[in-house]
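566 is the number of the first residue of the sequence shown in our numbering; add one for each residue after it. Note that the Cβ used here is the ideal one computed from N, Cα and C, for glycine as well. Structure, as structure tokens:
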Amino acid sequence: MTTPSDEAPSDRRSRKRLATRRAISLAADRLFFERGFENVTVDEIAAAADVGRMTVFNHFPRKEDMFFDRDEEARETLRAALRQRDGGVPPIEALRLLAHQLVRQQTPYLLFSAASQTFIETVENSETLKARARAIRDEIAGELAAALAESAGRPADDPAARLASAMLLATWSVAFIEAHRSFRQHGDTGKAKALFLELTDQGSLGVKASLEGTPYA
Numbered sequence: 566m567t568t569p570s571d572e573a574p575s576d577r578r579s580r581k582r583l584a585t586r587r588a589i590s591l592a593a594d595r596l597f598f599e600r601g602f603e604n605v606t607v608d609e610i611a612a613a614a615d616v617g618r619m620t621v622f623n624h625f626p627r628k629e630d631m632f633f634d635r636d637e638e639a640r641e642t643l644r645a646a647l648r649q650r651d652g653g654v655p656p657i658e659a660l661r662l663l664a665h666q667l668v669r670q671q672t673p674y675l676l677f678s679a680a681s682q683t684f685i686e687t688v689e690n691s692e693t694l695k696a697r698a699r700a701i702r703d704e705i706a707g708e709l710a711a712a713l714a715e716s717a718g719r720p721a722d723d724p725a726a727r728l729a730s731a732m733l734l735a736t737w738s739v740a741f742i743e744a745h746r747s748f749r750q751h752g753d754t755g756k757a758k759a760l761f762l763e764l765t766d767q768g769s770l771g772v773k774a775s776l777e778g779t780p781y782a
């Protein structure tokens, strides 16, 4: 699947900007993984990426943004799945199918591997990153609720959309955590993927049952 961050910009300036952003993100990740998030300064990241301090902040307003650099990509993926769904597919089902698609296509933020364990461990060892992860989850909950309401032709503040969003994110969060725990215990990527999808499917059934009678189910 082509994602916004994977598309090659058509003009030279945009290509150069994207290349700089990627270089900063890669340099930051390497340092974060080696030394821990709190033990790395922005100046050290700038030096590792061979750019100035202000260039770093031009691309990433916060240090945390360098770590969660695929955040906006993930949000847009959710929004696009709802915008582009077939009219006969309810929104909750469209998002369940998206989970399968992302795992099948080995989307970077849904990989269960030794490399992804390093990412998870870095978050677990940083109070700053854990706080930002919680904030991102809350932000996505609001955005997903609005996107669900829009996809069903309901008001943006529809309570049923907010309920669906909260339940779906809880499902995905549990599935994500348990799949990583499975990989940590067994070192089996296939088993971790299967568990993620199994839990996503189970949770989606519960959401559908709870939202029966609404346009979301």
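Per DSSP, what kind of secondary structure is residue i in: helix, strand or coil?
i: Q666; result: helix
i: R749; result: helix
i: A558; result: Look at the range of the chain in this structure, 566 to 782, and you will see that residue 558 is not part of it.
i: R727; result: helix
i: R719; result: coil
i: A744; result: helix
i: L776; result: coil
i: F622; result: helix
i: G617; result: coil
i: A782; result: coil
Leaving out the 5 sequence neighbours to the left and right, which residues in its chain are closer than 8 angstroms to residue i when beta-carbon positions are compared?
i: G718; result: P780
i: D608; result: R618
Judging by CA-CA distance, which residue of the options is the nearest neighbour of residue i?
i: W737; options: L762, A757, I610 and T672; result: L762
i: E629; options: S678, E686 and T693; result: T693
i: R749; options: D608, T683, I705 and L662; result: T683
i: K756; options: S775, A698 and L676; result: L676
i: S691; options: R600, R595, I589 and A588; result: R600
i: R727; options: H745, V621, A700 and I705; result: I705
i: L709; options: D576, E689 and A639; result: A639
Apart from the five residues just before and just after residue i, which ones in its own chain have a Cβ nearer than 7 angstroms to its Cβ?
i: E773; result: With the sequence shown as reference, residue 773 is identified as Lys, and Glu is not the correct amino acid for it. I657 and A782.
i: L667; result: L675
i: G634; result: The question names Gly, but residue 634 is Asp in the sequence shown. Only S590 meet the Cβ criterion.
i: E743; result: L760 and L764
Just to confirm my understanding: we take residue i, look at its own chain, exclude 5 residues before and 5 after, and list those with CB closer than 6 angstroms. What are they?
i: A664; result: T765
Exercise for the section: Would you list, in sequence order, the uninterrupted alpha helix (DSSP H) runs of no fewer than 4 residues that lie entirely inside the region 573–607? Expected result: 577–600
Practice task
May I have a chain-ordered list of the alpha helix (DSSP H) segments no shorter than 4 residues that lie completely inside the region 632–709?
Solution key: 636–648, 656–669 and 679–689
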